[in-house]
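Written out below as structure tokens is the structure these notes cover.
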Amino acid sequence: MVEKNKEYILDIISQGYEGEGIAKINDTFPIFIEGALKGEKVNVRIVKSKKNFAYAKLIDVIEPSKERCEAKCNINKRCGGCKLQHSTYKEQLTFKFERVKDCITKIGKLDNSIVKFPLGMEEPWRYRNKVQLPIGMINGELKIGFFAPRSHEIIDMETCLIQDEIADKVVELTRQWIKRNNIKPYNIDGKYDETGILRHIMIRRGFTTNEVMVVLVTNGDKLPNKDEFVKLIVDNIPGIKSIVQNVNSKATNVILGQECITLWGEPTISDYIGDFKFNISPLSFFQVNPTQTEVLYGKALEYAQLTGDETVFDAYCGTGTITLFLSQKAKKVYGVEIIPQAIENANINAKENNVDNVEFFVGESEVVIPDLINKGVKADIVVVDPPRKGCDIKLLNAITNINAERIVYVSCDPSTLARDLAILEENGYKTLEVQPVDMFPQTAHIENVALLIKER
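Using full-length UniProt numbering, read the sequence shown as starting at 1 and increasing by one per residue.
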């Protein structure tokens, strides 16, 4: 046991799943220290002590890792979004490699030699095509930025080095407009004020088209001086194509409401992934790193090993991005998604790209796919791209009953991926390879795509 508020000098022996350094006292009691890197000797102060572990604040790095570097962002420690900025990019990839291997071994009980080194970016900055920022008034001062970790405190932001640079300019113009017109935010000192108007601002940019969308999220349909805002954005933002007011009157942490009002231009912008064009609305899901999305989907297509004769099930297909990639080399692809609006977008995307060998269904994959099988549709390959919580167990059971030759599993969480791979292995499939793809440099997040084959 360690004492709260007491300082200790510790050796960092590993890093946790969020990138925090881990030291141990008496080889058994772990202490988690945000900002510390593996191999360092550090001076820390205990801030929270539990029965089996403790948290500490980094006071000083006595012996730094050779992979430590100066964080480029001046609000890095307060914002908490880029937890690995103090580490070289090479070491970030190594950390993510070790994290995936650890999950595969400890959770999946599989041989971690199947995990390949992550596919990283040549330029791991300014890669995000979308940013959503809360707007608030804190102690009488306007704040537009990110929430601090585990709080409703808004960290004011002038620039974000992983967002597109056009977003910085939009934020500054929005800040000027709010101050000039004294427009009241919805967030006042961390609490919601029903008389407030502005909740968030969202900026999206098509990386291949340079088209820009600006969305103001409001508490109700009232938006004073909106014509001035429109003129300010149109006159100063190159590539602006869409200015939208999104209405969200619910007392919720969900950012966007369902009602969108186009204030200027078009209701959508467009972008490409590979050869495919996608229309993006304020409510559309679209991967935030288009460069690495093409890498990820290309790997999924490679793993599918399509020859043109196969039928494919694409579970959790969203707006059909992977579905369209698969359609290039498949005979027929069936996409399934529970969100009706996503399927509407998927059908539009298929039509606009002249893809006629896909078919989309609204519903739970674990219900729709068995129904398709009962109607005589047999899949040679199944592709799944579930949310962070992983696949529903009913879907995993349905997949294994199909007896498809291959399963391609795209995952945004190594822990749930490892859990689901173990289930699939128990049901007759063998995992051949797991390829991490770094979609989120400077953060601890890592995407993966895994290939499984049916054991005969």
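Just so it is clear, CB atoms sit at the ideal spot from N, CA and C, and this is done for glycine as well.
- Message: Only counting the same chain, and skipping five residues up and downstream in sequence, which positions put a Cβ closer than 7 Å to that of Val355?
- Response: Leu324 and Ser327
- Of the choices Pro340, Ile369, Glu364 and Pro238, whose alpha-carbon is the least far from that of Tyr334? Ile369
- Query: Taking C-alpha atoms, which residue in Ala418, Gly265, Ile33 and Ile407 lies nearest to Arg388?
  - Reply: Ala418
- Query: When the distance is taken between beta carbons, is Ile75 closer than 9 Å to Thr169?
  - Reply: The question names Thr, but residue 169 is Lys in the sequence shown. Against a cut-off of 9 Å, the Cβ pair of Ile75 and Lys169 comes out as no contact.
- Opening and closing residue of the beta strand (DSSP E) in which Leu110 lies: That residue, Leu110, is in no beta strand (DSSP E); it is neither H nor E in DSSP.
- Return the CA-CA distance between Asp227 and Glu211, expressed in angstroms with no decimal places. 21 Å
- Query: For the beta strand (DSSP E) that Asn448 lies in, which residues bound it at each end?
  - Reply: Glu447 to Lys454
- What residue range is occupied by the uninterrupted beta strand (DSSP E) comprising Ala315? Thr311 to Ala315
- Query: Gly35 lies in the beta strand (DSSP E); which residues open and close that run?
  - Reply: Run containing Gly35: none; DSSP gives neither H nor E here.
- Query: CB Val434 to CB Ala300, shorter than 9 Å?
  - Reply: no
- Within this structure, are the beta carbons of Thr208 and Asp164 separated by less than 9 Å? no
- Message: Any beta carbon of chain B sitting closer than 9 Å to that of Glu259?
- Response: In the displayed structure, chain B is absent; only one protein chain is listed.
- Query: Among residues of its own chain, excluding the 5 on either side of Ala54, which ones have a beta-carbon nearer than 6 Å to its beta-carbon?
  - Reply: Val2, Ile31 and Ile46
- Val382 in three-state terms, based on DSSP: strand
- If we ignore side chains and look at the alpha-carbon of each, how far apart do residue 457 and Lys454 end up? Outside the modelled stretch of the chain, which goes from 1 to 456, sits residue 457, for which no answer is possible.
- Message: Just verifying my parser: in three-state terms, what is the DSSP assignment at Trp264?
- Response: strand
- Unbroken stretches of the beta strand (DSSP E), 3 residues or longer, contained in the region 214–276: 240–247, 259–265 and 269–273
- Message: Between which residues of its own chain and Val171 is the CB-CB distance below 6 Å, once the five residues before and five after are set aside?
- Response: Ile144
- Task: Using alpha carbons as the reference points, say which of Lys51, Val247 and Thr268 lies closest to Pro282.
- Result: Thr268
- Message: Distance check for Val437 and Val295, CA to CA, integer angstroms please.
- Response: 8 Å
- Message: Using a Cβ-Cβ cutoff of less than 6 Å, which residues in the same chain neighbour Pro441 once the five nearest sequence positions on both sides are dropped?
- Response: Met121 and Pro124
- Pull up the DSSP beta-bridge partners for Pro290, would you. DSSP lists no partner for Pro290.
- Three-state secondary structure (DSSP) of Lys90: helix
- Assuming Phe278 contacts Phe286 (C-beta within less than 8 Å), just tell me the rounded distance between them. 6 Å
- Query: How would you call Gly35, buried or exposed, if buried means at least 16 neighbouring beta carbons within 10 angstroms?
  - Reply: buried
- Item | Continuous beta strand (DSSP E) stretch holding Arg199: start and end | Leu198 to Arg205
- Of all the options Ala450, Asp309 and Ile197, which has the alpha carbon lying nearest to the alpha carbon of Ala330? Asp309
- Output yes or no for whether 9 Å exceeds the beta carbon distance between Gly21 and Lys6. no
- Locate the beta strand (DSSP E) running through Glu63, then write down its first and last residues. Ala54 to Glu63
- Item | Whole-angstrom distance between Ile399 and Pro185, CA atom to CA atom | 48 Å
- Message: In whole angstroms, give me the CA-to-CA distance for Gly136 and Lys222.
- Response: 17 Å
- Query: Ile114 and Leu432 look like a contact to me (Cβ under 8 Å); what is the Cβ gap, rounded to whole Å?
  - Reply: 7 Å
- Message: Just to check my reading of the structure: Val449 and Val408 have Cβ atoms closer than 8 Å, yes? What is that Cβ distance to the nearest angstrom?
- Response: 7 Å
- Cβ neighbours of Thr88 in the same chain (closer than 7 Å, five flanking residues each side left out): Glu67 and Cys69
- What does DSSP give as the partner residues of Gln435 in its beta bridges? Val449
- Query: Three-state secondary structure (DSSP) at Gly145?
  - Reply: strand
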